[in-house]
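J.: In my numbering, the protein residues as written are 104 to 1038. Heads up, the beta-carbon is just placed ideally off N, CA and C, and yes, glycines get one too. The structure is given below, and queries will be raised subsequently.
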Amino acid sequence: MRYCFTLFVLLWLAAPAFSQKGSVQGVAYDTLAKRPVADATVTVLQKKDSSLVGFVMTDNAGRFSLTDLATGEYRLLITHVAYHNRSIHFSITDSVTKPDLGQLVMNDRTQVLDEVIVRSEAPPVTLVGDTVQYNAGSFKTPPNASVEQLLKKLPGVQVDKDGTVKAQGQTVNRVLVDGKEFFGKDPKMATKNLPADAIDKVQVYDRQSDQAQLTGFDDGNSEKTINLKLKKDKKKGVFGKIMAGGGTRDRLEGRFNVNSFKGARQMSVVGLGNNNNTEGFSFMDMMNFTGELSRMMRNGGGNVSMNMSDNSLAGLMGNNNRGIRTIWGGGINYNNIIGTKLDFTSNYFYNHFNPRVNSDVRRQYLLPDSSYLYNQQSVQDNNNNSHRLNLGFDYFIDSFHSIKVNPSLGYQQTRNRVSSNYTQMGEDGLLSNEGYNNRATNNDAFNFSNDILFRKKFRRKGRTLSLALQTTLNNSDGDSRFESVNQFYDRLGTRYRTDSINQRSYNESSLTGYTGRLVYTEPLFRRSLIELSVANSNTRSRSDKTTYDYDAGSGKYDQLNDSLTNNFKNTYGYNNAGIRLRTQQRKYNYSVGLNWQRSTLEGKVISGIKDTIIGKTFYNLLPNARVQYNFTRFKNLTLNYRTSTNQPSVEQLQPVPDISNPLAIREGNPDLKQEYSHNLQFNYTGVNPFKNKNFFAFINFMRTDNKIVNSDSVFSNGVRKSRPVNTDGVYTLASDLNLSLPIRFLKGSLQLGTNTVYNKSRQFINGQANGINMLSVGPRVSLDLNPHEKLNLTFTAGGNINHTRYSLQKAFNTRYFSQLYEVQVEWDLPAGFHFSTEFAYNINNQLAAGFNTKVPLWHAAISKQMLKFNRGELKIRVNDMLNQNIGVSRNSNQNYIEDSRVNTLRRYAMISFTYSLSKTGLGANQGGNMRIITR
């Protein structure tokens, strides 16, 4: 019976493919000029509802032909920028399968005729220069959908469960709204808070820095960016929505967004609060000084960030599957053009983030001739509060001069608590040590940064002068308490030693720095420019740590611990000079350049054990090149080659051991060299807007010389001592391929893709080199169907094949396979009801005992639209109907394999009400139809 049903479904799906197919042809002709009309767009629409069937362009002889037309009545529309639109009806029947419309007369727009107003749907995907542009109306989304749900439908765009957006294989770092920042640089603020039905176009491109946009030379600081172009009716008046809900197990959720746009003025207010792991923003506000330091130290070329985790399905299942989170946040965004010369942007945002995570970790460490097991159970309770204010002033002094100033101010407060228990066993299963530790950390951090850019254009086209200045000021202070007890056992199981720690530490750190870059461009020939640049940077950082041991006699932390008390001072600076040549031709453009760089690193470490003074000077030549070739208007290939350096930190250089964790001692290496990286990037974009077929390819190769890796020494009692060293032979190859095809007889589309990461690295264990080769392959397929205008079906299948090989201990080479199958249904029912459901089945194979799981997740919701203009929506939804949600993952590191399990949010039901501020209400499904209006 099961096989009969399957056969029936397959035959039902395939039946339209065997039905009678027809075609239509004709010629577009200008009778007055007596010439054919070339490059006109010919669109075929369903007569009954004006839904799009297909479109082509006329050739040089004005001819056109559209095939694969099912039996039915159609409307054919011919459009051209120089002519009035021409519309004609035709039919495909069993007896007339290939109608020839003959010569269709096109009337020049200079002739006075009755006015015809046509509003038509653009191609679903097209390529405009370097920008991939999606027509939002061509992609069906449910009522009340967010921009994030729209992005999931776009070919070449992926949205992970945690909301991270990737386009053509690269992470999207910035989302703009009509070219303006929306709450700063947090992509999720726009994707999770703006409604999909407000969007007209989605544009994906590599946004260059402001200085690079002026000069025309890529400076290596480009970001994968999405620009959301709003519909015209959303650029005036107020739109947005307010939502509140409550459910079982004390689950609460509320959110609102109010948007008022008028011309250049954009104002938005957002707010949210929940305890059901629903995110509305990124937690990028959590400042860290490493990030600010890297911003100041960026030089010599671009940096490419890639996720090297073996668990690629984490993106599909989502990091928000870890723990229970309470989230509060809100802010305001205001942009406007003041007068005629000042472009002003501003936003403020506050968020509170409180995750509670219970985790169970099983880790297997690899040694040259053995291994040992480490098991840990921990409880974390973290409280984070942050404030962020961003301002932007872009002042156009005159047509040749402008200045841009972007100050940013942030404050963060963290209160973190972690308690854990652990056991450590040898390869023979005998207990070697066990213990527990408790840590409480309090920290307050302040951050200020300011970017200034002066731009000057000359009367001669291509001649420019620009000066960019970045400044940063950070300060952080806090304290922490650490208590631990570690017990050690011999092979007979007898405890022979107990170490205990009870300490309190006070930490204060600061960072100040600037980077200045002067760039001059001069036209050499008709299509060539030369760029000359000089740069100077200086960054000073300081870190003070004072540690006291607990004195049982006094009951206070008043015993100074010299070994854990130290003062770091670090100064890093560089001078950089470069030259580049850029040539622009009709079909291609290229640039080649070379930078010379001198960098210095000076540090001083003052501690109770040993004072250390560090001084390093590095000289480098940093070549770069870029080539872009345009095969056609819709196909291009880009090759990018860049080199860059990465300096060792003072912590990595200073030889004083850090014994704050007695089981994992860290020590620096004053002989470290800087890393030198070669990065080659390949991008191919091919779109066919007439057949809706699209192919995107991204390949990245990175080789790093003098890569800084760990050299570990593991002792018989399980204590591990780590020291950084340099090594060669480290490289990474990553790729992401995506192909999308239409399935016309099912009114849907098929997306096929795969991402691959191969990493070759090296680590040292007890003096022996351990070569590590990690391969991760993640195929995926997605089928999006609209068999009926009120029904949308999405089928997704993804897998991740992971293989890790070690040159030492080959017996511990690992191979495992994770799978995810997902079905989504969106169904408009009569009387304003809407049903949606999502079923995901995750399979983990070949993990550690107790971690091999099959996780079925089923969510469902039903909603009812109400009130005038359907402004209200009452919804009931159930999360994890089967109560099976668990958080399981595997990661392969340089010298260990880790399986982990964390607590997750399981079954609950919630009822919510959403109110739309727009007169169009929460509306019907977006996309799928094209309307032709004439008068």
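Does the separation of the CB atoms of F591 and N540 fall below 8 Å?
T.: No, they are not a contact pair.
J.: State buried or exposed for L756, treating a residue as buried only when at least 16 other CB atoms are found within 10 Å of its CB.
T.: By the 10 Å Cβ count, L756 comes out buried.
J.: Straight-line CA distance for E778 to T234?
T.: Each residue's alpha carbon lies about 34 Å from the other.
J.: So, V373 versus G433, is the Cβ gap smaller than 8 Å?
T.: Closer than 8 Å, so yes.
J.: What are the start and end residues of the alpha helix (DSSP H) that includes Q314?
T.: 313-318 is the extent of the alpha helix (DSSP H) around Q314.
J.: If you draw a straight line from the alpha carbon of N438 to that of R368, how long is it in whole angstroms?
T.: N438 and R368: Cα-Cα distance of roughly 6 Å.
J.: Would you kindly report the start and end of the unbroken alpha helix (DSSP H) that includes M46?
T.: For residue 46 there is no data in the structure shown, the boundaries of the chain being 104 and 1038.
J.: Take L842 as the anchor and find which of V260, L375, V508, N669 has the nearest alpha-carbon.
T.: Taking only the C-alpha atoms, the option nearest L842 is V260.
J.: Take D484 and list the residues in its own chain whose beta-carbon comes closer than 6 Å to its own, dropping the five residues that flank it on each side.
T.: The residues are R459, R520.
J.: With C-beta atoms as the reference, is Y919 less than 8 Å away from R1004?
T.: No, Cβ-Cβ distance for Y919 and R1004 is not below 8 Å.
J.: Can you tell me whether F801 is buried or exposed, with buried defined as 16 or more other CB within 10 angstroms of its CB?
T.: Looking at its Cβ environment, which holds 16 or more other Cβ atoms inside 10 Å, F801 is buried.
J.: Does the Cβ-Cβ distance between N739 and R729 come in under 8 Å?
T.: Contact flag unset, no.
J.: Look at the Cβ atom of V880, then the Cβ atom of T859, and state whether they are nearer than 8 Å.
T.: Result yes, Cβ atoms of V880 and T859 sit closer than 8 Å.
J.: In or out: S1019 buried (at least 16 other Cβ within 10 Å) or exposed?
T.: S1019 is buried by the Cβ-count criterion.
J.: Which value, in whole angstroms, describes the spacing of the CA atoms of F167 and V130?
T.: Going by the C-alpha atoms only, they are around 6 Å apart.
J.: Candidates P298, K304, I191, I329: which alpha carbon is nearest Q311's?
T.: Residue I329 is the option with its Cα nearest to Q311.
J.: My assumption, with CB atoms under 8 Å, is that V278 sits in contact with L331. Please give the rounded CB distance.
T.: That belief holds up - the Cβ atoms of V278 and L331 are roughly 7 Å apart, short of 8 Å.
J.: So what's V184 in DSSP terms, helix, strand or just coil?
T.: In this structure, V184 counts as coil in the three-state DSSP scheme.
J.: How would you call Y327, buried or exposed, if buried means at least 16 neighbouring beta carbons within 10 angstroms?
T.: In the sequence on display, residue 327 carries Lys and not Tyr. When all chains shown are included, K327 counts as buried.
J.: Using 10 angstroms around the beta-carbon of H504, count the other beta-carbons present and answer buried if the total reaches 16, otherwise exposed.
T.: The residue is exposed, with fewer than 16 neighbouring Cβ atoms inside 10 Å.
J.: In terms of alpha-carbon separation, which member of G513, T229, A964, Y132 lies closest to H187?
T.: Checking every option, the nearest Cα to that of H187 belongs to Y132.
J.: Buried or exposed for Y106, please, with buried defined as at least 16 other CB atoms from any protein chain shown within 10 angstroms of its CB.
T.: Residue confidence is low: Y106 scores 41 on pLDDT, short of 50, so the model does not pin down where it sits. No coordinate-derived value is stated.
J.: List the whole-angstrom C-beta distance separating Y1011 from R354, where the pair is believed to meet the contact cut-off of C-beta under 8 Å.
T.: About 5 Å separates the two Cβ atoms, so the contact holds.
J.: Output the distance between the C-alpha atoms of K719 and S657, rounded to the nearest integer angstrom.
T.: Between K719 and S657, the C-alpha separation is close to 45 Å.
J.: In three-state DSSP terms, what is T351?
T.: In the structure shown, T351 sits in a helix (DSSP, three-state: H, G or I).
J.: Could you please give me the residues that DSSP links to Y599 through a beta bridge?
T.: Its beta-bridge partners do not exist; DSSP assigns none.
J.: Which residues in the same chain have their Cβ closer than 7 Å to the Cβ of V250, if we skip the five residues on either side of it in sequence?
T.: Answer for V250: A293, T294, L297, A299, I302, L331, listed in chain order.
J.: Assuming L960 and Q987 are in contact, meaning their beta carbons sit under 8 Å apart, how far apart are those beta carbons, in whole angstroms?
T.: Right, the Cβ-Cβ distance comes to about 7 Å (below 8 Å), so this counts as a contact.
J.: Might you give, ordered along the chain, the residues of its own chain that have their beta carbon closer than 7 Å to the beta carbon of L317, omitting 5 neighbours on each side?
T.: Contacts found: R558, T567, S569.
J.: Quick one: grab the DSSP three-state call for E395.
T.: Confidence is the limiting factor: at E395 the pLDDT is only 42, short of 50, which leaves the residue's position unreliable and the question unanswerable from this model.
J.: Tell me the DSSP secondary structure of G240 in three-state form.
T.: Three-state result, G240: helix.
J.: So what does DSSP say about K559, is it helix, strand or coil?
T.: Note: K559 maps to strand in three-state DSSP.
J.: Give the single residue among M1013, T517, N553 whose Cα lies nearest to the Cα of G495.
T.: For the residues M1013, T517, N553, the minimum Cα distance to G495 belongs to N553.
J.: In the structure shown, what three-state DSSP assignment does N973 receive?
T.: N973: helix per DSSP, three-state reduction.
J.: I need the straight-line Cα distance from N163 to V361, nearest angstrom please.
T.: Distance between the alpha carbons of N163 and V361: 50 Å.
J.: Just to confirm, is the Cβ distance from R995 to M877 under 8 Å?
T.: What sits at residue 995 in the sequence shown is Ser, not Arg. Yes, they are a contact pair.
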